[in-house]
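Asks: Before I ask anything, here is the structure I am working with.
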Amino acid sequence: MNFEFLRALADLGKEKGIPKELLLETIEAALLSAYKKNFGSDQNVTVSIDHSSGNVQVLAKKEVVEEVTNTATQITHEEAKSIDPECNLGDFVELEVTPANFGRIAAQTAKQVVVQRIREVEREMIYDEFRGREGDIITGVVQRPNNQNIMIDLGKTEAILLPSEQVTNDNYSSGNRIKVYILEVKQTTKGPRIFVSRTHPGLLKRLFELEVPEIHEGIVEVKAISREAGYRSKIAVYSRDENVDPVGACVGQKGIRVQAVVDEINGEKIDIVEWNEDPKIFVSHALSPAKVVEVQIDDDSKVAKVVVPDYQLSLAIGREGQNARLAAKLTGWRIDIKGESQLEETVTKATPEGEIKINIDEEEEVSQENEQEEEDTSS
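So for the sequence shown, the numbering used here puts the first residue at 56; every next one is plus one.
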């Protein structure tokens with residue numbers, strides 16, 4: 056090795072973001088292994104590379120003794136004085152034992168080690184970078200399908216979008232740019248594996264953080280999200296400043312902010328509601344766009360009994376129970392919904408348990424009129 060090699064090594068390290076000293080230390084360790092393999096492993100040797108000239112030296116460390124019993128690790132006092140005149144018995148001295156043809160071995164080893172080490176360091180850097188970004192979103196380019204998985208090019212590496220994390224109405228054509236949520240980063244023998252998602256509620260939260268400055272600044276807080284990816288989501292927001300309307304901040308002027316989020320998730324409907332520490336008020340808000348007459352809370356069973364006008368019953372339940380289901384996920388309360396006329400029946404036909412409950416899965420299908428009203432009142 057020579058000065059040109061060191062300069063090339065420095066340039067390569069700079070390009071890859073790896074310190075030259077780290078590469079030299081790795082080469083020294085590899086050369087030590089190569090020396091022991093070719094010239095004997097019982098010697099106590101070290102390999103050093105001059106960081107200025109690139110010269111390689113193999114130094115053997117030997118103990119100064121009166122009589123040598125092991126030539127690989129010992130040296131006589133008389134011989135040791137020619138290296139260090141002030142040495143005494145029991146001291147250790149270093150003498151150069153660099154083989155004549157070691158330069159060729161060093162060059163071959165260095166090339167292999169540098170390539171391997173750069174690959175390892177790049178993998179470590181990618182792992183460290185993306186491990187710290189779990190729970191964040193990143194923009195990638197759809198590369199190719201791999202069985203049912205979708206590979207997303209993130210620039211330095213690829214991410215894996217599993218079938219369970221894909222949205223059915225997304226366009227995964229090769230070359231499309233999409234935002235994905237970094238779900239998990241794993242270190243494997245083949246390098247880091249990055250798993251991303253398009254269905255996670257965190258994607259919705261991060262998108263709103265990008266579009267709504269008040270959320271990014273901490274004035275408005277996202278308290279809860281419930282999502283059925285590709286169809287509908289509900290997001291509960293709260294303002295720490297009484298002068299800032301949290302729902303209005305998220306919607307934006309003429310709906311521009313929420314529309315940007317909707318466009319990114321391909322038209323998925325989003326209901327933005329105001330969070331409230333009073334569960335009665337929060338449940339009432341969560342059932343938006345339906346209007347609620349009354350909410351009764353049972354803390355023991357964690358059930359919220361909701362009364363709505365009869366004409367709003369289908370809207371409150373939603374298509375196939377979706378609106379009520381999302382509201383329950385958002386609030387953390389089990390929600391029983393009744394129309395006003397059904398509430399009167401409960402009084403006259405009381406069961407031993409004291410109530411008649413409606414199974415929203417057995418409700419009649421939403422009328423065309425209420426479906427249209429639901430669509431008109433959703434973002």
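Just so you know, even glycine gets a beta-carbon here, dropped at the ideal spot from N, CA and C.
The structure displayed is predicted, hence computed values, not measured ones.
1. Let's test the definition: count the other Cβ atoms within 10 Å of the Cβ of Arg380 and tell me whether it reaches 16, buried, or not, exposed.
2. Return the Cβ separation of Leu150 and Ile160 in integer angstroms, given the expectation that the two are a contact with Cβ distance under 8 Å.
3. Return yes when the Cβ of Val361 is within less than 8 Å of the Cβ of Leu342, no when it is not.
4. What three-state label does DSSP hand Thr124 in the structure shown?
5. For Val299, does the count of other Cβ atoms within 10 angstroms reach 16, so buried, or fall short, so exposed?
6. Ile193 lies in the beta strand (DSSP E); which residues open and close that run?
7. Could you tell me the boundaries of the beta strand (DSSP E) in which Pro247 lies?
8. If we call anything under 8 Å between Cβ atoms a contact, is Leu114 one with Ser103?
9. Does the structure place the stretch 263-275 close enough to the stretch 367-380 that three or more beta carbon pairs sit under 8 Å?
10. In the structure shown, what three-state DSSP assignment does Thr153 receive?
11. By a C-beta neighbour count over all protein chains shown, 10 Å radius and 16 as the cutoff for buried, is Asn99 buried or exposed?
12. Who are the Cβ neighbours of Val306 in its own chain at under 8 Å, not counting the five residues just before and after it?
13. May I ask which residues mark the beginning and end of the alpha helix (DSSP H) holding Asp318?
14. Reducing DSSP to helix, strand and coil, say where Val235 ends up.
15. Measure the C-alpha to C-alpha separation of Glu395 and Phe337 and round it to an integer number of angstroms.
16. Can you tell me whether Arg174 is buried or exposed, with buried defined as 16 or more other CB within 10 angstroms of its CB?
17. Considering only DSSP beta bridges, list what Tyr293 is partnered with.
18. So, for Ser219: in the same chain, excluding its five sequence neighbours on each side, which residues have a beta-carbon less than 8 Å away from its beta-carbon?
19. Buried or exposed: where does Lys69 fall if 16 or more other Cβ atoms within 10 Å of its Cβ makes it buried?
20. Start and end of the beta strand (DSSP E) containing Ser369?
21. Taking just the CA atoms, how far does Gln351 sit from Lys260?
22. Taking the beta strand (DSSP E) that Gly394 belongs to, which residues open and close that run?
23. DSSP on Arg188, reduced to helix/strand/coil?
24. Does the Cβ of Leu77 have 16 or more other Cβ atoms within 10 Å, making it buried, or fewer, making it exposed?
Replies: Put simply:
1. With 16 or more other CB atoms across the displayed protein chains lying within 10 angstroms of its CB, Arg380 is buried.
2. Their Cβ separation, rounded to whole angstroms, is 20 Å, which puts Leu150 and Ile160 out of contact at 8 Å.
3. Between Leu342 and Val361, the C-beta gap is smaller than 8 Å, which places the two residues in contact.
4. Three-state result, Thr124: coil.
5. Under this definition Val299 is an exposed residue.
6. Bounds of the beta strand (DSSP E) holding Ile193 are 192-201.
7. 246-252 is the extent of the beta strand (DSSP E) around Pro247.
8. Yes, these two residues count as a Cβ contact at 8 Å.
9. The way I'd put it, the stretch 367-380 doesn't touch the stretch 263-275; fewer than three beta-carbon pairs between them come closer than 8 Å.
10. When secondary structure is reduced to three states using DSSP, Thr153 falls in the coil class, being assigned neither helix nor strand.
11. Exposed, by the Cβ-count rule.
12. These residues qualify, in order along the chain: Arg312, Val313, Ile327, Ser434.
13. According to the DSSP assignment, Asp318 belongs to the alpha helix (DSSP H) that extends over 311-319.
14. Taken through DSSP and simplified to helix, strand or coil, Val235 comes out as strand.
15. Roughly 20 Å between the two C-alpha positions.
16. With fewer than 16 neighbouring CB atoms inside 10 Å of its own CB, Arg174 falls in the exposed class.
17. Looking at the DSSP output, Tyr293 bridges to Glu276.
18. Residues Thr254 of the same chain have their beta carbon placed closer than 8 Å to that of Ser219, with the five preceding and five following residues left out of the count.
19. Lys69 should be labelled exposed.
20. It is not in any beta strand (DSSP E) - Ser369 instead sits in the alpha helix (DSSP H) that spans 368-372.
21. Spanning the two alpha carbons is a distance of roughly 30 Å.
22. For Gly394, the enclosing beta strand (DSSP E) begins and ends at 389-394.
23. Three-state result, Arg188: coil.
24. Per the 10 Å Cβ criterion, exposed.
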